[in-house]
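In the order they appear, the protein sequences are chains V and F.
FYI, this note's numbering numbers position 157 of the first sequence as 157, with every residue one higher than the one before it.
FYI, this note's numbering numbers position 192 of the second sequence as 192, with every residue one higher than the one before it.
2 protein chains.
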Amino acid sequence: MSVTVVGSIAFDAVRTPFGSRDRMLGGSAVHFALAAAFFDTVHVVGPVGDDFGDAEYEVLRARGVDTADIEHVPGGRTFFWRGEYGWDLNTRETIETELNVFAHFQPKLSEASRCADVLFLGNIQPDLQREVRAQCTQARFVALDSMNLWIDIARDSLIETIGGVDCLLLNDAELRQLTREPTIVRAARQVREWGPRVVVAKQGEYGAAVLTGEGFFGLPAFPLETVVDPTGAGDCFAGGFMGYIAAHPDGEVDDDILRRAMAYGTALASFNVEEFGVERVARLTPDEVADRVSELQRITSFIEKPIALRD
Amino acid sequence: MSVTVVGSIAFDAVRTPFGSRDRMLGGSAVHFALAAAFFDTVHVVGPVGDDFGDAEYEVLRARGVDTADIEHVPGGRTFFWRGEYGWDLNTRETIETELNVFAHFQPKLSEASRCADVLFLGNIQPDLQREVRAQCTQARFVALDSMNLWIDIARDSLIETIGGVDCLLLNDAELRQLTREPTIVRAARQVREWGPRVVVAKQGEYGAAVLTGEGFFGLPAFPLETVVDPTGAGDCFAGGFMGYIAAHPDGEVDDDILRRAMAYGTALASFNVEEFGVERVARLTPDEVADRVSELQRITSFIEKPIALRD
């Protein structure tokens, strides 16, 4: 069993109130892969340029990530993003985006990537997501992420692509924008009518919620003293979430599995934001992940006790 | 044992995507009292004008709320607020505020109000909150709410007032603004240095978190198909939270009590937003509250299961 992810592989330049990095490894596929690799073999599909070197490959390989489908475009440069966060890290401004090799990206999947059990379509153009989806005929669970750009300029294609996956992961504001519904409960119902059985609303610093036909589960984000860099947190969440599902190949992806998948995604995302880029997750240990999931369970549960209320 | 609340008593004019009301009963003390009344006797302290009639008193009295300290100012008009909400109810604009009798409000507490076991200082001028606090010498648990206006124009007085209470309840954005700290973990630590042992960060549609020296507890909001009118939800939450504490007079207000208090506050607030103003909570039954707390427990809990992670 294995996991395939298609998405961006990037160099990011980030400034936050806690410091800055001029050029660090990033991209949705990278953040996803480093989290999902705790659970299963991960195949990364995405393009890089000449500037993507051994040091970058090594970060992925050290975690056992399969980099065979990272496509090196000779003469090209790797996707580059520069952004800046506000004082409480809840606002972010894109200063610069260079698509570079990403501009003409056509996903090419090896046999190993095509045979994956679990597939994550990171935030790329929805037509490309659909092509990758079509190639992975053996995937038993497929999830998709997207963003406001595609809702703005390619909504019909995005909805068609959503129709072919099991799970939509989206920021809650984008979920409302996409469905034109004011609450995530109504938005999720609309999405389920398009096809997916599972909808995950990512809520940034507030956590995430998963909605299925059977029920709802809400989980706050892990509380942190300091958030250094939120870049990639959503993809890291997705990596933990999908990785957990990949690690449970027997039986259906029921609400119990989804809830625990949310917990692992949330735990991994909380490490991701503690330092810049992939710095923290790259040296994370299994014990640290397990401890944080336990802690998350403790800080989100309460025990009911009957009480007589006045009429 | 009983609960005293000081705060606004108002007529609200509200427009949301789901309809409008030209003049409905509202105000922080009213929303608080109707929720807290499920747990204990509530004394409401606040001013009203000639336009506040039997129908309005009756809404409170039907719940057993003590209205003896509602001060009728002859010739005056009741506080009036007009606001409008955006399509997903996450933005709101104040169109009109008439302070009316609230402009010269000097809280006068009867013996019954002064003897309360639990005191809630709703969002009014911090000097007035401090005066009320000083009068309630027997209160074993005192909480305070405030808003950005007082942080902007009376921060020093607000911090002094906060120093005299056990618990600060504030929107998370205001908590950051007040403390100038970027995360609620750091903000809560700063607040605890000023005096309160307990900090509650209200997060609107995302739920709430409580932070003490002993720990953290986060609880998502109850998911609703439709949110009709968020007005008063925060005060209704406070009413459920403080009411639950009032109903447990023996022993200290420990983290277990606080967690369950959060659940009752969250449940009550979720009913509050289902209809305009106090319409839903005014006819709410104890069984409905209990059922929603149970449901909240179900939709926020997950069961840990050990899993072997890859190194």
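Glycine is no exception: its CB is placed at the ideal position from the N, C-alpha and C atoms.
Residue i versus residue j: straight-line alpha-carbon distance, rounded
i, j, result
"Asp250 (chain V)", "Asp152 (chain F)", "57 Å"
"Ile299 (chain F)", "Val73 (chain F)", "47 Å"
"Leu211 (chain V)", "Gly53 (chain F)", "45 Å"
"Leu219 (chain V)", "Ser301 (chain F)", "8 Å"
"Asp88 (chain V)", "Glu275 (chain V)", "15 Å"
"Glu252 (chain V)", "Met262 (chain V)", "16 Å"
"Val281 (chain F)", "Glu58 (chain F)", "14 Å"
"Ala37 (chain V)", "Thr179 (chain V)", "32 Å"
"Asp22 (chain F)", "Glu98 (chain F)", "14 Å"
"Glu279 (chain F)", "Ala187 (chain F)", "35 Å"
"Gly215 (chain V)", "Asp255 (chain V)", "8 Å"
"Tyr206 (chain F)", "Leu284 (chain F)", "23 Å"
"Ser270 (chain V)", "Asp291 (chain V)", "12 Å"
"Ser146 (chain F)", "Arg61 (chain V)", "52 Å"
"Ser20 (chain V)", "Gly26 (chain V)", "14 Å"
"Arg15 (chain F)", "Ala267 (chain V)", "40 Å"
Classification of residue i by the beta-carbon crowding that lies within 10 angstroms, buried from 16 upward
i, result
"Glu181 (chain F)", "buried"
"Ser110 (chain F)", "exposed"
"His31 (chain V)", "buried"
"Ile303 (chain F)", "exposed"
"Ile95 (chain F)", "exposed"
"Ala308 (chain F)", "exposed"
"Ala230 (chain V)", "What sits at residue 230 (chain V) in the sequence shown is Pro, not Ala. Buried: at least 16 other Cβ atoms inside 10 Å."
"Leu149 (chain V)", "exposed"
"Ala247 (chain F)", "buried"
"Gly265 (chain F)", "buried"
"Lys108 (chain V)", "exposed"
"Asp156 (chain V)", "exposed"
"Lys305 (chain F)", "exposed"
"Thr137 (chain F)", "exposed"
"Glu56 (chain V)", "buried"
"Gly49 (chain F)", "buried"
"Glu174 (chain F)", "buried"
"Ala66 (chain F)", "It should be pointed out that residue 66 (chain F) corresponds to Asp in this sequence rather than to Ala. Classification for Asp66 (chain F): buried."
"Ala35 (chain V)", "buried"
"Gly122 (chain V)", "buried"
Per-residue contacts from residue i into chain V (C-beta, under 7 Å)
i, result
"Phe216 (chain F)", "Pro223 and Ile299"
"Thr226 (chain F)", "Thr183"
"Arg259 (chain F)", "Phe302"
"Gln203 (chain F)", "Tyr206"
Chain F residues whose Cβ lies nearer than 7 Å to that of residue i
i, result
"Ile339 (chain V)", "As shown, chain V starts at 1 and ends at 311. That puts residue 339 (chain V) outside it, with no answer to give."
"Gly251 (chain V)", "Those within 7 Å of Gly251 (chain V) in chain F number zero; the least Cβ separation is about 13 Å."
"Gly64 (chain V)", "Arg310"
"Arg77 (chain V)", "What Arg77 (chain V) touches in chain F: nothing, since even the nearest Cβ is about 32 Å away."
"Gln190 (chain V)", "Correct list: empty, because the minimum Cβ distance to chain F is about 12 Å."
"Pro230 (chain V)", "Here the premise fails: no neighbours, minimum Cβ distance about 11 Å."
Residues that residue i contacts on chain V, provided the C-beta gap is smaller than 8 Å
i, result
"Glu84 (chain F)", "Correct list: empty, because the minimum Cβ distance to chain V is about 15 Å."
"Ala209 (chain F)", "Pro220 and Pro223"
"Ala263 (chain F)", "Phe302 and Glu304"
Secondary structure of residue i, DSSP reduced to three states
i, result
"Thr300 (chain F)", "helix"
"Arg292 (chain F)", "helix"
"Leu323 (chain F)", "In the structure displayed, chain F extends from 1 to 311; residue 323 (chain F) sits before or after that span and is not available."
"Asp40 (chain F)", "coil"
"Leu99 (chain F)", "coil"
"Ala10 (chain V)", "strand"
"Asp22 (chain F)", "strand"
"Ser110 (chain F)", "coil"
Within chain F, partners of residue i - CB distance below 8 Å
i, result
"Ser294 (chain V)", "Glu304"
"Leu89 (chain V)", "Pro182"
"Tyr57 (chain V)", "None at all; the shortest Cβ gap to chain F is about 19 Å."
"Val289 (chain V)", "Leu309"
"Arg176 (chain V)", "Asp88"
"Pro126 (chain V)", "Residues of chain F passing the Cβ test: none, with the nearest at roughly 24 Å."
"Pro74 (chain V)", "Under the 8 Å cutoff, chain F gives no residues; its nearest Cβ is about 33 Å from Pro74 (chain V)."
9 Å Cβ cut-off: residues of chain F touching residue i
i, result
"Phe39 (chain V)", "Ile307, Leu309 and Arg310"
"Pro47 (chain V)", "The premise fails here: Pro47 (chain V) is roughly 26 Å from chain F at the closest Cβ pair, so nothing lies under 9 Å."
9 Å Cβ cut-off: residues of chain A touching residue i
i, result
"Arg186 (chain V)", "Protein chains in the displayed structure are V and F, and chain A is not among them."
Closer than 9 Å at the beta carbon, the chain V residues around residue i
i, result
"Pro17 (chain F)", "Pro182"
Requested in this report: Counting only runs of 4+ residues fully inside the segment 119 to 207 of chain F, write out the alpha helix (DSSP H) ranges in chain order.
Outcome: 126 to 135, 148 to 153, 155 to 162, 172 to 179 and 184 to 194
Query raised in the report: What are the complete beta strand (DSSP E) segments, minimum 3 residues, inside the segment 47 to 82 of chain F?
Result: 70 to 72
Requested in this report: List in chain order: all unbroken alpha helix (DSSP H) runs of 4+ residues lying wholly within the segment 216 to 280 of chain V.
Outcome: 233 to 246 and 255 to 272
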